[in-house]
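Protein chains in written order, with my numbering: chain E, 6 to 561; chain H, 2 to 346.
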């Protein structure tokens with residue numbers, strides 16, 4: 006009897022690991038074909054001359070003072086941007102976690118809108134605010150468009166939500182009674198906070214800081230639009246070297262440097278995430294938030310709301326205002342005209358393109374990310390699987406330009422001649438969506454009690470049935486949220502899409518960039534109108550997500 | 002949604018010009034032609050024309066080179082003399098001598114032994130000035146490169162980044178042609194000391210910083226001198242209603258650099274026959290006559306008509322700086338590099 010049971014268990018284990026390998030094979034193959042191979046192809050194009058690798062180029066490129074200057078500026082601005090974002094967003098995280106106030110749900114969605122907006126739109130919004138003839142210029146004659154301040158502020162604008170959601174999400178679940186207990190024992194409020202709450206929050210703060218650092222370290226559109234010819238990040242430099250100067254070997258070396266840096270950031274991030282998963286006494290967030298009491302708390306709430314209005318809503322409002330700057334919605338009406346100018350089709354068609362691409366990208370991202378999350382769920386997953394977890398994040402940090410060009414030169418031959426196929430754009434967008442799916446699903450899946458699954462399979466359920474009956478009901482909401490994020494991120498993806506979207510099928514961000522690149526008031530107005538439409542679509546998607554929020558929704 | 006996707010699929014599935022009925026042109030964003038002229042070509046040749054516009058000139062060339070083994074189209078239009086060597090050295094084009102090549106003005110012809118490219122249009126990159134500013138300040142507008150470094154023109158000029166913009170590069174090459182390999186750096190030191198402003202692209206320089214253009218006026222641009230094209234003044238006239246009797250801007254004749262744009266049959270083009278027919282068409286009188294008011298460039302064909310607006314508001318430069326493409330090829334990257342550290346750092 007005992008013997009037979011052991012045998013069943015062993016067989017089940019084998020079947021389990023085979024199934025896990027099967028599950029992980031699909032995402033591994035996806036990343037190998039649509040990420041590793043194209044990136045390797047473009048790097049090889051730059052570093053291989055007549056079949057011989059030119060690794061000496063790495064030293065040569067690093068020896069150039071311009072390149073070292075770019076590296077220094079990239080690191081410096083990312084550090085300052087991260088510090089500034091934490092400084093401004095942490096009070097926000099606290100307010101969203103601990104206070105109850107009318108309109109909180111809507112506001113939480115609104116502060117997330119910038120995060121999924123395409124960088125071209127953000128850059129434009131900031132130019133309209135702090136550039137020549139912008140709001141600040143008209144009111145006080147202040148112009149920041151040629152200074153590094155515009156870049157830093159735009160980065161805060163972008164990443165505010167990362168801190169609010171990552172840190173605030175955990176903060177809301179920390180039991181306030183622990184801090185109260187410390188105070189009853191005689192600790193000052195400051196000390197109680199420092200010794201009880203801060204240690205519990207620290208890993209989440211570190212994880213958020215690293216994500217912000219990653220996003221600002223690889224910043225492209227913001228720096229390109231606001232930085233002018235003098236400020237350049239590694240990512241912008243890769244773009245310039247590839248697309249403008251056509252020095253593919255320098256671009257390849259810079260890509261490798263960025264790869265190493267991003268790998269290091271992600272390794273540290275994975276480590277902090279694991280630390281965060283250590284047991285904390287978590288409670289339902291709905292019981293920790295209450296209405297603010299006393300002048301101090303009201304002032305804090307007011308301060309945070311003020312910051313959100315000035316820093317996040319104002320740039321978006323300027324965008325809307327500029328889009329309405331023609332009588333009778335003139336810029337919106339112009340979108341429907343086929344002018345034969347920039348695109349050969351009416352700009353309004355970009356909306357349909359964008360939505361179709363985003364739906365396809367979301368399906369791919371949810372499928373690939375979902376499979377990967379299931380495979381990664383088991384805590385005893387080996388080192389290889391854990392490494393794969395971090396690997397899935399790489400597309401967030403690797404130059405979209407590199408990926409885009411890689412697609413063009415790698416996926417152009419049978420059996421993978423996809424270059425002329427519409428699927429190429431959703432594939433590239435899904436690469437960016439998968440990390441969001443995994444990061445949203447994984448914590449929820451890991452929280453499912455393992456014993457439930459075991460019980461079900463002992464009772465004879467097939468693995469598929471276990472998943473359907475046990476896991477799926479618990480993760481359905483997380484899955485929807487993941488899909489929503491993948492959708493919003495796909496809508497906003499610009500860097501890779503701009504290289505592979507066919508000129509006759511532009512997406513919204515690509516159309517905005519093209520319109521901005523043309524002279525004339527009408528083109529500018531249409532760009533503002535399209536940006537506004539994109540912003541509204543993103544906001545609606547995020548508002549729907551807010552309604553789906555569960556108590557534990559992962560990191561984003 | 003599925004319907005839209007299917008539509009994306011079918012309209013994209015044609016892979017350039019896999020079928021021999023379509024000829025696909027790859028070009029930059031500035032490509033423009035009258036619908037009637039294209040329709041006439043389609044009717045006469047039996048090919049349908051498909052156009053893929055791919056970013057600015059430099060980007061379009063680079064992308065075409067990267068995808069040359071399996072190109073997106075059959076003909077590429079829009080590589081100019083500053084980037085010609087990059088395209089030729091990378092084997093972007095195959096040989097074809099277009100019908101009517103003998104009618105192209107001799108000064109624009111290059112690559113005469115292999116005929117890999119066909120000249121299509123020409124234009125001059127010149128400093129433009131805001132007439133009103135100089136009248137208001139009772140100051141003569143500058144006439145030459147030398148004038149630009151004089152104290153009375155301090156802080157007046159805006160130009161483009163030579164590493165990211167083709168007029169920016171053209172202006173740099175103009176100074177290199179004028180002052181020579183040794184002298185141009187000194188000239189730029191003086192220009193920098195005299196307050197030249199550098200922005201990334203032509204659009205920003207012309208439509209935001211320059212005080213003389215319609216866009217610049219609206220954006221409250223405060224630089225009355227800008228590096229643009231000799232054909233920019235007629236544009237200011239054509240797009241204003243009612244048309245003014247004189248252009249609001251003028252061209253400093255002694256600051257010009259001549260640019261020539263070429264087209265070629267892409268190596269590995271799927272529809273070579275259609276591509277050849279299209280190249281013939283690009284230098285036909287019909288297209289050459291139509292081209293100036295669409296792309297704001299001058300024709301290269303003998304006897305092609307230059308529109309009256311051009312003659313009246315923006316005559317071609319009389320004595321522009323020029324440079325042999327081979328010399329540009331040898332020096333371009335090094336010059337841009339030196340220029341970047343000299344002017345931007």
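All residues carry an ideal CB built from backbone N, CA and C; glycine is no exception.
Since this is a predicted model, take the numbers as computed values, not measurements.
Residue range of the alpha helix (DSSP H) that includes residue 275 of chain H: 273-283
Cβ-based burial, residue 219 of chain H [other Cβ within 10 Å; buried from 16]: Residue 219 of chain H is exposed by the Cβ-count criterion.
What are the start and end residues of the alpha helix (DSSP H) that includes residue 311 of chain H? 309-314
So which residues of chain H does residue 248 of chain E contact, with C-beta pairs closer than 7 Å? Those are 60 and 63, listed as they occur along chain H.
Any beta carbon of chain E sitting closer than 9 Å to that of residue 86 of chain H? Residue contact with chain E for residue 86 of chain H: absent (no Cβ-Cβ distance below 9 Å to any residue of chain E).
Whole-Å CB distance - residue 413 of chain E paired with residue 486 of chain E, under 8 Å assumed: That pair is no contact at about 33 Å.
Could you please give the first and the last residue of the uninterrupted alpha helix (DSSP H) stretch that includes residue 470 of chain E? Segment 468-471, the alpha helix (DSSP H) holding residue 470 of chain E.
Residue 446 of chain E, buried or exposed, once every other Cβ within 10 Å from all chains shown has been counted against 16: Label assigned to residue 446 of chain E: buried.
Under 9 Å between C-beta atoms, does residue 201 of chain H make it to chain E? yes
Is the distance from the Cβ of residue 259 of chain H to the Cβ of residue 284 of chain H below 9 Å? no
On the CB-based measure, 16 or more other CB atoms within 10 Å of its CB, does residue 240 of chain E come out buried or exposed? buried
Hey, residue 209 of chain E and residue 172 of chain E: beta-carbon distance below 9 Å or not? yes
Could one say the Cβ of residue 367 of chain E lies closer than 9 Å to chain H's Cβ atoms, at least one of them? no
Considering only the alpha carbon of each residue, which of E:117, E:155 and E:102 lies closest to residue 489 of chain E? Measuring from the Cα of residue 489 of chain E, the nearest candidate turns out to be E:117.
Run of the alpha helix (DSSP H) containing residue 93 of chain H, from where it starts to where it stops: From DSSP, residue 93 of chain H is part of no alpha helix (DSSP H); its letter is neither H nor E.
Would you list, in chain order, the members of the segment 60-88 of chain E that have their beta-carbon closer than 9 Å to a beta-carbon of chain H? 70, 71 and 74
Where residue 25 of chain H falls: helix, strand or coil (DSSP): strand
Since residue 436 of chain E contacts residue 78 of chain E with CB under 8 Å, what's their CB separation in whole angstroms? So it is not a contact: roughly 27 Å between Cβ atoms.
Starting from the Cα of residue 110 of chain H, find the closest Cα among H:38, H:346 and H:325 and give me that residue. H:325
What does residue 305 of chain H reach in chain E if we use C-beta pairs closer than 7 Å? The contacting residues do not exist; residue 305 of chain H stays about 23 Å from chain E at best.
Of all the CB atoms in chain E, is at least one closer than 9 Å to the CB of residue 267 of chain H? no
Using a Cβ cut-off of 9 Å (strictly closer), state whether residue 131 of chain E contacts chain H. no
Express the C-alpha separation of residue 314 of chain H and residue 243 of chain H in angstroms, rounding to a whole number. 15 Å
Rounded to whole angstroms, how far is the Cβ of residue 213 of chain E from the Cβ of residue 147 of chain E, which I believe are closer than 8 Å? Contact flag wrong, Cβ pair sits at about 30 Å.
In the segment 17-42 of chain H, which residues sit with their C-beta less than 8 Å from some C-beta in chain E, listed in chain order? Within the segment 17-42 of chain H, the residues whose Cβ lies closer than 8 Å to some Cβ of chain E are 17, 30, 33 and 36, listed in chain order.
Beta strand (DSSP E) containing residue 263 of chain H: first to last residue? 258-267
Going by the DSSP bridge assignment, what does residue 615 of chain E pair with across the sheet? For residue 615 of chain E there is no data in the structure shown, the boundaries of chain E being 6 and 561.
What is the DSSP secondary structure of residue 481 of chain E, counted as helix, strand or coil? helix
Quick check on DSSP: helix, strand or coil for residue 179 of chain H? helix
In angstroms with no decimal places, state the Cα-to-Cα distance between residue 305 of chain E and residue 395 of chain E. 37 Å
Between H:72, H:101 and H:30, which lies nearest to residue 424 of chain E when the distance is taken from Cα to Cα? H:72
Chain H partners of residue 39 of chain E, CB-CB under 9 Å? Simply none; closest approach about 18 Å.
Relative to chain E, which residues along the segment 216-228 of chain H have a C-beta separation below 9 Å, given in chain order? 216, 219, 220, 221, 222 and 223
Quick check on residue 279 of chain E: buried or exposed, where buried means 16 or more other Cβ atoms within 10 Å of its Cβ? exposed
Can you check whether the C-beta of residue 413 of chain E is within less than 9 Å of a C-beta belonging to chain H? yes
My guess is that residue 197 of chain H and residue 160 of chain H are in contact by the Cβ rule of under 8 Å, so how many angstroms apart are they, rounded? Here residue 197 of chain H really is in contact with residue 160 of chain H; their C-beta atoms are around 6 Å apart, less than 8 Å.
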